[in-house]
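In the working numbering, the protein residues as written are 14 to 355.
Reviewing the structure listed below.
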């Protein structure tokens, strides 16, 4: 990938799938405004495939230590060095990330100011808090994180891209189900390699899958890793596993319920008016607890809780399009950085 340097240069390090839809509208906006944008990304889950789907050019820099914490630590350092070596000859003004630790370390080694973001308070935050110049977090976390580095946005990060969402009426017709009148269920397994993973979530995930198979519904399974694909196919040939990334917003919008071991898809569902069930068994994020209090999210913490899942058609009138205030917040923080620097 050839990079045309010039003007204000912003580097995005994208190391996980949910960060792609988050940063795509911001990247596109900055490009339209004349900024030079460099994107680095690692081959993890659907990250690269989604970047290609959105026609975002990137420099691939891999590195992941799996579930072992020590291996994960050294893998982060190794990827940080690779990023440093790759970008040392570029004149970069600002680095932006959502919890990309290797990118943060590389940026500090290169003397590049860092704007970071996060929305899960129980993930490992030492590197992010120590080396970031500005940190963007939801207003809900204000009481837990205070200081001159922190800037707060009112809402959810998923609103950055869902504020521009327009449903595709042809989306459902392209799904490989013979009876589209059945409830459509989307399920995403837990993140078994995440530093916050709890193994009991895997048992609940398998229990949920069996529960769904006992109902008359259409199931779309979105495995995070290839080892879960074979297992799921053996379990049932009634489960559809896409071999290319589907449009996430349309999938959530047209689903009648969403079940996930992560947070992003659940918050998308809450915004888009789709019943959401969390099979994450670690400490819940405060923003997710707030959604639960609003009746937009149900926690499935035990095998007994699985019976709470209602496999039925949803109320189609429960969607209200979010405004663009969170998207504007992220963009304005970047613009203000350059204005203050001038």
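Idealized CB from N, CA, C, for every residue including glycine.
The alpha carbon of residue 73 has as its nearest neighbour, out of 61, 303, 150, the alpha carbon of 61. Between the region 154-164 and the region 128-137 there are three or more C-beta pairs closer than 8 angstroms, enough to call the two in contact.
When the alpha-carbon of residue 36 is set against those of 118, 344, 331, 143, the nearest one is in 344. In the DSSP annotation of this structure, residue 136 is not part of any alpha helix (DSSP H), being labelled neither H nor E. Counted as a single uninterrupted DSSP element, the stretch harbouring residue 48 is not any beta strand (DSSP E), since DSSP gives it neither H nor E. For the set 65, 143, 68, 27, the Cα lying nearest the Cα of residue 111 is the one of 27. Taking the Cα of residue 351 as reference, the smallest distance to any Cα among 29, 43, 38 is reached at 43. Rounded to the nearest whole angstrom, the CA to CA distance from residue 306 to residue 273 is 18 angstroms. When the five nearest sequence neighbours on each side are left out, the beta carbons in the same chain lying within less than 8 angstroms of the beta carbon of residue 315 are those of 217, in order along the chain. Within the region 100-188, the complete beta strand (DSSP E) segments of 3 residues or longer fall at 107-110, 127-130, 147-151, 163-166, listed in chain order.
By the Cβ criterion, the region 92-108 is not in contact with the region 319-330, since fewer than three pairs of Cβ atoms, one from each stretch, lie closer than 8 angstroms. Residues 130, 164 of the same chain have their beta carbon placed closer than 6 angstroms to that of residue 149, with the five preceding and five following residues left out of the count. Looking at 295, 294, 310, the one whose alpha-carbon comes closest to that of residue 301 is 310.
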